Every structure is written in structure tokens, then in C-alpha cells.
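What follows is a short report on a single structure.
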Amino acid sequence: MSTINRQWQLASRPSGEPTAANFRLVEAPLPELADGEVLVRHHFLSLDPYMRGRMNDAKSYAQPQPLDAVMQGGTAGEVVASRNAEFAVGDKVVGMGGWQEYSVVGAAQRGMLRKVDTTHIPLSAYLGTVGMPGVTAWYGLNRIIAPKAGETVVVSASSGAVGTVVGQLAKIKGCRAVGLAGGPEKCAFVTDVLGFDACIDYRQHPDLKSLSAALKDACPQGIDGYFENVGGVTLDAVLQRMNAFGRIAVCGMIAGYNGAPIPLTQPQLILVSRLLVQGFIVSEHMDVWPQALAEIGALVAAGKLKYRESVAEGLASAPEAFFGMLKGRNFGKQLVRLV
Ligand SMILES: NC(=O)c1ccc[n+]([C@@H]2O[C@H](COP(=O)([O-])OP(=O)(O)OC[C@H]3O[C@@H](n4cnc5c(N)ncnc54)[C@H](OP(=O)(O)O)[C@@H]3O)[C@@H](O)[C@H]2O)c1
């Protein structure tokens with residue numbers, strides 16, 4: 000086993016789009032384990048849009064990512080050494096190990112490490128559909144949109160980690176599911192593989208009038224629930240098509256994460272259509288995680304919930320893969336494979 004741990008640190012804070020200069024690859028020696036500690040070798044790193052927000056030193060719902068520290072993030076891997084009776088060498092685990100090859104988890108951080116069963120579900124899926132993004136989809140759909148059979152649910156970034164789950168769960172509930180995604184290949188996946196009723200390639204509809212017309216075609220009965228991942232013109236167009244008493248789960252606004260303005264031009268539609276608009280952060284709803292993961296895990300294991308991954312190879316590829324995800328170059332959950 001290696002005695003060196005390679006790590007990506009945040010070297011400086013970006014203004015606008017992040018660049019390679021914001022990251023630094025360093026090597027650190029692997030420490031001896033103390034009592035209660037576990038050494039995890041990471042097989043997969045999770046790259047997620049929220050990481051862009053944490054790179055800023057701005058007031059938010061979470062503390063900023065510290066400078067000169069390992070980039071924080073979800074990881075899936077295997078216990079390779081243990082001085083903790085609850086973990087044995089060979090256990091498959093998910094945690095928050097960050098952008099590095101190994102992490103040491105102490106007894107006090109025990110809750111940060113969770114054993115997972117890879118008999119029917121691949122290890123990588125615990126970072127996507129059967130992990131944080133899946134629970135995010137479950138929460139926004141079930142607890143905010145709460146759709147009834149026959150209603151129409153629209154989701155943006157619908158070929159991604161969260162969006163794929165939103166639409167498929169909506170279909171299982173008997174809803175009409177309509178996605179928005181960037182490009183014909185992603186849209187074909189959303190309808191043909193995931194089983195959504197329709198998917199709009201928003202890049203073909205760059206202005207409000209055109210996107211609103213496309214939504215009218217795809218949602219002949221109007222929109223009852225909208226799962227918002229993007230912001231900007233997409234939200235404006237959806238607002239024009241919302242039915243009275245519709246619900247909007249505000250999950251993310253990725254179109255603005257690099258600092259681009261994402262104006263809302265007709266907020267009066269919230270009043271006119273008597274809409275519920277609710278933002279949420281999945282980590283503040285830990286009470287639903289067991290139920291959500293059990294339901295989603297059973298569906299994935301039975302082959303009833305499909306997903307797709309974009310896998311970058313090797314630790315060195317992490318920053319480029321991250322930049323690509325912020326521009327839609329990923330197609331499904333963005334991961335980095337280390338082993
Ligand atoms: N509230 C929470 O607790 C929580 C938790 C997890 C995730 N989120 C949010 O959920 C959203 C989706 O996250 P994810 O992990 O599932 O990522 P993802 O959808 O797998 O990847 C991001 C996708 O966003 C789309 N995108 C990027 N820039 C865009 C732009 N300017 N306009 C429109 N679409 C753009 C791209 O898809 P296209 O090619 O289709 O544009 C890209 O593939 C993000 O906003 C994220 O911040 C929130």
C-alpha cells in the first residue's frame with residue numbers, strides 16, 4: 000500500500016469561472032492510525048455543483064471551503080486499515096473524504112462514514128442516485144411538490160444526477176414528467192431510457208418566448224410542479240406555464256454559479272398563480288434520508304430506476320471534470336475514478 004496521499008487543495012478563490020490556477024495538487028504522508036481511526040482508500044470522488052459556491056468566501060448556508068485545505072466532497076471507497084471495531088478491512092463505505100486518494104476518519108467523525116452493500120447496487124451509485132443527489136430529488140418532489148397522479152411535473156437539468164431521479168419518481172407516481180436538458184443526445188436519453196413523457200432541448204430555445212412556447216407544447220395541461228435546478232430564463236418560462244396553486248421546489252440555480260446574473264423578470268406570476276415557492280438544502284433534512292435511500296435503493300436494485308454516470312479517470316482529472324460539469328459537459332452523475 001502507498002505511504003503517500005495525493006490531494007487537491009483549494010489554492011485561491013475564483014472570480015467567475017474557476018480555472019486550474021485555483022487548485023493545487025500536493026502529496027502528504029499517510030499518518031499512522033490512532034485508536035478508533037479508520038483508513039479509507041477512495042475508489043470514487045463525487046463532483047457536485049455546490050462545490051462551486053463553497054469556493055467563494057461569501058455568506059451562505061454552509062461555511063466556505065477553506066483555502067490551502069483539501070477540497071471537500073463526497074467519496075466512496077474501501078476500508079484498508081482499521082483500529083475501530085465497527086469497521087473491518089474490506090468494508091465498502093461512503094463518506095466525505097474530499098478530493099484525495101485516502102482519508103483517515105476518526106472515532107469522533109464516525110457518523111461521517113457509512114457502510115454500504117454493493118451486492119445489488121454498484122459502489123459508485125451511492126454517490127449519485129442512491130446518495131445525496133437521489134435524496135435531494137426525493138425530498139423536493141415528495142415534500143415540496145407533492146404531486147398527485149395525473150399532474151404535470153417539469154424538471155430542469157433532467158439528464159443529471161438529481162434530475163434523472165425527479166422525473167422517474169414522478170412517473171412512478173402517475174404524473175406526466177417533462178424534462179429540460181442541453182442537446183438532442185441528452186433529451187433522447189431522458190425520454191427513451193428514463194421514460195419521461197417529453198424533454199425540451201433548451202439550447203434550441205434561448206429566449207423566453209420560444210422556451211415558453213416549447214413548454215406549452217410539452218405540457219398541454221399546464222405545469223403543476225417544477226423542480227428548479229437552473230434559474231434564469233428557464234424559471235421565467237416555467238412561471239408563465241404554471242397552473243394555479245402550483246409548487247416550485249427551488250433546489251439549485253446552476254446558471255448563476257459562476258456569477259452570471261439570473262434575473263427573474265415576472266415575479267408577479269407567483270402571486271397571480273398563487274404559487275408555493277420553497278427553497279431547500281438536503282443536508283438540513285437528515286430525518287428523511289433513511290426512508291428516501293431505502294425507497295430509491297430498492298428501485299435501483301430492481302432495475303426500475305435508471306441512471307447514468309460521467310466518469311473521469313484518475314485524481315489529476317478532477318478539476319477539468321469539475322469545470323466541465325459546470326458547463327454541462329457531463330452526461331449524468333459526474334464522478335472521478337481513482338481505483
Ligand atoms: N438544494 C440541495 O440540497 C441540492 C443538493 C444537490 C444538488 N443541488 C442542485 O441541483 C442541481 C443539479 O445538480 P446535479 O448534481 O444533479 O448536477 P448535474 O445535473 O448532474 O450536472 C449539472 C448540469 O447542470 C446543467 N447546466 C449547467 N449549466 C447550465 C446552465 N447555464 N443552464 C442550464 N443548465 C445548466 C448541465 O446540464 P445540461 O447540459 O442539460 O444543461 C449540467 O450537466 C444543481 O443546481 C445543484 O446545485 C441542490
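Just so it is clear: in the sequence shown, position 166 is 165 by numbering that gives the first Met the number 0, and no numbers are missing.
Built from N, CA and C at the ideal position, the CB exists for glycine as well.
Model, not experiment: these values are computed from the prediction.
- Of the heavy atoms belonging to ligand 1, none sits nearer than 6 Å to the Cβ of Asp206.
- Met241 has Ile222 as its beta-bridge partners, per DSSP.
- In this structure, the alpha-carbon of Ser272 lies about 11 Å from that of Ile222.
- In this structure Ile199 is buried. Its beta-carbon is surrounded by 16 or more other beta-carbon atoms within 10 angstroms.
- Looking at the DSSP output, Tyr101 sits in a beta bridge with Arg40.
- Taking every protein chain shown into account, the CB of His119 has fewer than 16 other CB atoms within 10 angstroms, so this residue is exposed.
- Comparing alpha-carbon positions, the option among Ser1, Thr18, Thr2 and Ile3 lying closest to Leu9 turns out to be Thr18.
- Not one heavy atom of ligand 1 is found less than 6 Å from the C-beta of Pro17.
- Residues Val93 of the same chain have their beta carbon placed closer than 6 Å to that of Arg113, with the five preceding and five following residues left out of the count.
- Residue burial is scored here from C-beta neighbours: Arg328 has fewer than 16 other C-beta atoms within 10 angstroms and is therefore classed as exposed.
- The count of Cβ pairs closer than 8 Å, one atom from the region 150–160 and one from the region 127–142, reaches three, so the stretches are in contact.
- Take Ala236, set aside five residues on each side of it, and the residues of its chain with a beta-carbon closer than 6 Å to its own are Leu207, Leu210, Ser211 and Leu214, in chain order.
- With respect to Gly15, Gly258 sits close: the two C-beta atoms are nearer than 7 Å.
- In this structure, DSSP gives Arg23 an extended state, which the three-state scheme calls strand.
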